[in-house]
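Remarks on the structure that follows.
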Amino acid sequence: MSRQTLHEGWVLRAEPGPQVPPEVAGRAVPATVPGEVHTDLLAAGLIPDPYLDDNENGLVWIGRTDWVYETTFDWRPGGDERVDLVCAGLDTVATVTLNGTEVGRTENQHRGYRFPAGPLLRPGANTLTVRFDSPYRYAEAHRDRLGDRPNAYPEPFHFIRKTACNFGWDWGPTVVTAGIWQEIGLHAWSTARLATVRPLVTVEDGVGRVEVRVEVERAGDDPLTVRATVAGVAVEVAVPAGQRHAVATLTVRDPALWWPVGYGDQPLHHLAVTLSAADGRALDGWSRRIGFRSVRLDTGPDAHGSAFTLHVNGVPVFVRGVNWIPDDAFPNRVTRARLAERFAQAVGANVNLLRVWGGGRYESEDFYELADEAGLLVQQDFLFACAAYPEEEPFRTEVEAEAREQVTRLASHPSLVLWTGNNENIWGWHDWDWQEPLAGRTWGRGYYLELLPAIVAELDPTRPYWPGSPWSGSEDVHPNDPAHGTTHIWDVWNTDDYTKYREYVPRFVAEFGYQAPPAYATLRRALSDEPLAHDSPGMAHHQKAIDGDGKLQRGLDAHLPAPADFDDWHFLTQLNQARAIQLGVEHFRSYRPICMGTIVWQLNDCWPVTSWAAVDGDGRRKPLWYALRRAYADRLLTVQPRDGGLALVAVNETGEAWGAPATVTRLTLTGEPRAKTSVDLDVPAYSSVVLALPAELARPDEARRELLVAEAGETAERALWFFATDREVEWPVAELSATVEPAGGGQRVRVTARTVLRDLTLFPDRLDPSAQVDRALVTLLPGESATFTVHADAPLDAEALTRRPVLRCVNDITGGTA
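Going by the working numbering, the sequence shown opens with residue 1, and the numbers climb by one from there.
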């Protein structure tokens with residue numbers, strides 16, 4: 001087999017239409033393949049950056065235009081029996097023409113295509129043309145033919161098999177793309193080739209088993225041989241003349257097990273598969289790295305409802321997860337290095353699972369390989385989100401084809417532990433007033449409860465399948481019942497204060513989140529607003545949530561002092577996001593093992609936007625990231641309301657028992673102790689312990705002037721409990737001293753408190769966009785000190801590092817800084 005990539009020499013042009021701007025009409029521009037129309041036009045200087053200001057609004061015409069890609073390439077015949085044109089990903093409605101003859105059509109971004117090309121190829125120069133029809137025209141035509149169906153946004157994304165969030169979301173831009181978004185090339189082969197290789201890996205009683213299921217495509221009926229090797233074990237299987245399927249089973253004794261991050265190592269083993277002719281000639285090959293691990297989902301009934309507990313290698317794992325959206329609306333910009341940075345941020349926040357959300361895309365091979373290496377578990381949604389999806393043709397056939405391809409493609413990855421049928425669609429059918437407008441029309445039930453589970457059972461029986469997120473486990477139980485299966489909690493953001501998280505004791509929270517703006521440097525890069533304000537034009541455009549600013553304000557009004565200016569507003573909204581999610585996560589973790597997982601919405605952003613992300617669209621960590629790192633720590637100490645009083649809860653998510661002396665002290669804001677108790681923590685591995693606190697600790701003398709401090713030495717970060725909201729607390733004027741000195745290629749900022757300093761945080765990106773800091777949200781009592789390490793491309797102004805708006809705490813708003 002030989003492969004010839006066809007990534008060079010492409011040009012792009014718009015088909016004529018009244019919507020096409022004069023500067024683009026009739027013009028051919030260089031095109032990058034793999035790539036997208038938007039990025040090519042941007043590189044040619046023909047459109048403004050859609051991520052800046054409100055430029056997005058002026059670029060809607062791109063999704064309503066037909067586009068043509070064309071290249072000329074050289075080809076020399078090599079005597080092969082077959083030559084195929086292989087398109088790994090076309091976005092989306094494409095007609096492919098070779099030397100003036102149509103070779104195929106596509107209408108699904110989420111699958112690849114292979115077209116016979118041999119008879120059409122000429123020695124020497126060949127012309128390949130790919131025409132992309134407007135995604136809007138295609139989707140709207142199917143909508144009109146089949147009848148409209150409800151969805152969460154006024155866009156027809158559910159009538160085309162394409163990345164749904166391209167059409168805009170409550171955190172994303174409307175940039176309806178087109179292009180050759182994955183590899184394209186010629187594959188030449190003779191006799192036979194490996195059509196699919198699907199390794200099913202299981203471990204039982206110390207024995208690893210790799211069942212390599214192979215499908216071959218033939219040019220003739222010759223006998224063939226499949227050879228598979230892994231971990232020093234090899235096996236050969238004959239494929240008799242005319243047969244197309246074979247199974248090669250390898251058994252590995254006592255394999256080193258692959259574990260989630262924090263539970264053990266991630267050994268990966270090279271699995272190689274070769275296809276040979278009867279005379280021993282190698283015809284084709286395939287290789288991946290695999291890991292030996294078992295996975296089981298416990299959904300059995302119990303005294304609290306029905307469980308949702310993931311077991312890896314027999315160990316119940318508390319999922320400390322984040323939801324993952326596409327890291328850029330334009331996938332060619334998401335490099336392996338960028339993914340590696342994002343995964344390092346996830347691991348740095350003590351995350352152990354990424355949920356690939358159903359409104360995005362099946363991610364690149366780099367994504368899953370990096371997850372394998374990092375030990376990050378992956379929950380993979382099939383690509384359906386927030387809409388009633390038609391089940392008529394051509395959609396059913398396309399959905400089946402894409403599901404079969406993606407299940408087969410991803411089966412080798414040990415990080416992948418759960419398939420999920422959709423995002424919020426079953427819930428939507430129940431609660432979002434869909435049933436009357438649907439009037440009996442299809443909405444996706446057949447996909448989630450029939451087609452997709454059947455495909456997973458057939459192609460990947462080693463992994464569990466769950467019909468939806470959320471889903472209760474039964475059509476007889478409300479799909480978002482917290483006592484059964486998975487639940488999404490969105491009343492907190494939409495209508496209620498974040499303390500309402502404490503009213504839930506769910507089995508598994510698959511989505512919950514709270515908004516905040518991105519980092520200041522990210523805003524200044526993306527927006528030209530002068531002055532910058534929470535409601536200035538660019539800020540308003542980069543807030544996509546319905547009444548988003550109103551909801552942010554409601555949260556501030558409930559908890560924090562009134563901001564005097566934009567700098568205060570920016571700090572306090574970011575702080576409130578961090579507070580909300582930390583409160584929710586710690587509450588849910590305190591109910592381990594009733595609750596066995598939380599997946600925060602969301603880790604990342606695809607552009608600079610006010611959103612629920614912990615890492616913003618420019619890759620900067622918001623204060624939420626630091627709060628997640630604490631709330632997701634392996635050993636968590638937290639004070640929680642219980643039975644009308646307060647309790648100290650210790651959560652141990654390690655394989656070793658946690659024993660340590662702990663103290664809980666009630667103090668005044670000036671550091672004067674009022675009451676104290678000591679306990680000996682004894683927390684078994686993978687468990688939690690709840691210790692009721694004495695009444696003299698739980699009942700303050702002066703709620704507005706006191707707090708609890710719980711400490712367990714160096715074994716866990718200390719926990720704080722305030723008896724009143726910051727808005728009610730009688731904060732003293734913030735008094736501190738600060739020093740700055742060089743340290744290891746960066747700068748060390750040491751702050752010593754003369755008064756209590758609530759949630760002390762440094763924002764060095766206000767001085768240099770490259771600057772990062774190692775910690776945030778540090779509360780100091782009088783006399784205590786904290787050290788922050790800052791790294792930037794160049795040394796920062798020492799004085800500016802120690803004053804507003806770079807150095808902030810809550811009580812510099814209430815009374816200023818002395």
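C-beta: ideal position from N, C-alpha, C; glycine also.
When DSSP states are grouped into helix, strand and coil, S590 belongs to the helix group.
In this structure V93 touches P135 by the C-beta definition: roughly 6 Å separates them, less than 8 Å.
The Cβ atoms of Q602 and G513 sit closer than 8 Å to each other.
In this structure, N811 lies away from R750, with their beta-carbon atoms at least 8 Å apart.
Take R718, set aside five residues on each side of it, and the residues of its chain with a beta-carbon closer than 8 Å to its own are L637, V709, A710, E711 and A712, in chain order.
Contact between the region 206–221 and the region 242–249 is established, with three or more Cβ pairs separated by less than 8 Å.
In this structure, the CA atom of T715 is about 14 Å from the CA atom of V679. Annotated as distal: V356 and L376, with beta-carbon spacing of 8 Å or more. Taken in chain order, the complete beta strand (DSSP E) segments of 3 or more residues contained in the region 53–137 are 67–75, 82–87, 93–98, 101–107, 113–116 and 124–132. Counted as a single uninterrupted DSSP element, the beta strand (DSSP E) harbouring G185 occupies residues I184 to W189. In the structure shown, V639 adopts extended strand secondary structure according to DSSP, grouped into three states. For P742, the closest C-alpha among the options R704, S785 and L801 is that of L801. Under the three-state reduction of DSSP, N151 is assigned to strand. Residue state for H158 is assigned as helix, using DSSP reduced to three classes. Per the C-alpha coordinates, the member of D366, E369, I325 and T196 positioned closest to D284 is T196. Per DSSP, L41 is one residue of the alpha helix (DSSP H) stretching across V37 to A43. In the displayed model, W471 falls within a strand according to three-state DSSP. The bridge partners DSSP lists for Y465 are W419.
Per DSSP, R554 is one residue of the alpha helix (DSSP H) stretching across G548 to H559. The beta carbon of P479 lies closer than 7 Å to those of I426, W427, H430, G468, P470, W471 and S472 in the same chain, with the five residues before and after it left out. With respect to the C-alpha of T677, the residue from S536, L646 and E405 having the closest C-alpha is L646. The alpha helix (DSSP H) runs of length 4 or more contained entirely in the region 313–370 are, from start to end of the chain, 336–348. For V664, the closest of G671, V639 and S590 by C-alpha to C-alpha distance is V639. Rounded to whole angstroms, the gap between the alpha carbons of D381 and Y389 is 15 Å. The C-alpha of T814 lies about 28 Å from the C-alpha of R629. The residue among L268, A152 and V83 with its C-alpha nearest the C-alpha of L120 is V83. Around the C-beta of Q435, fewer than 16 other C-beta atoms lie within 10 Å, and the residue is accordingly described as exposed. Of the candidates R404, P593 and I62, the residue whose Cα lies closest to the Cα of H311 is P593.
In this structure, the straight-line span from the alpha carbon of A219 to that of W189 is close to 9 Å.
P123 and P34 have their C-alpha atoms roughly 25 Å apart. Distance from A28 to V11 at the Cβ level is roughly 4 Å; contact confirmed, criterion being Cβ atoms closer than 8 Å. Judged by DSSP secondary structure, P742 falls within the beta strand (DSSP E) whose first and last residues are L736 to A743.
Y113 and V86 have their C-alpha atoms roughly 6 Å apart. Using a Cβ-Cβ distance cut-off of 8 Å, the region 67–83 and the region 103–110 are not in contact, since fewer than three pairs of beta carbons, one from each stretch, lie closer than that value. Classified as exposed, E503 has fewer than 16 neighbouring CB atoms from the shown chains inside 10 Å of its CB. With a cut-off of 8 Å on Cβ pairs, the region 265–277 is in contact with the region 219–229, counting three or more such pairs.
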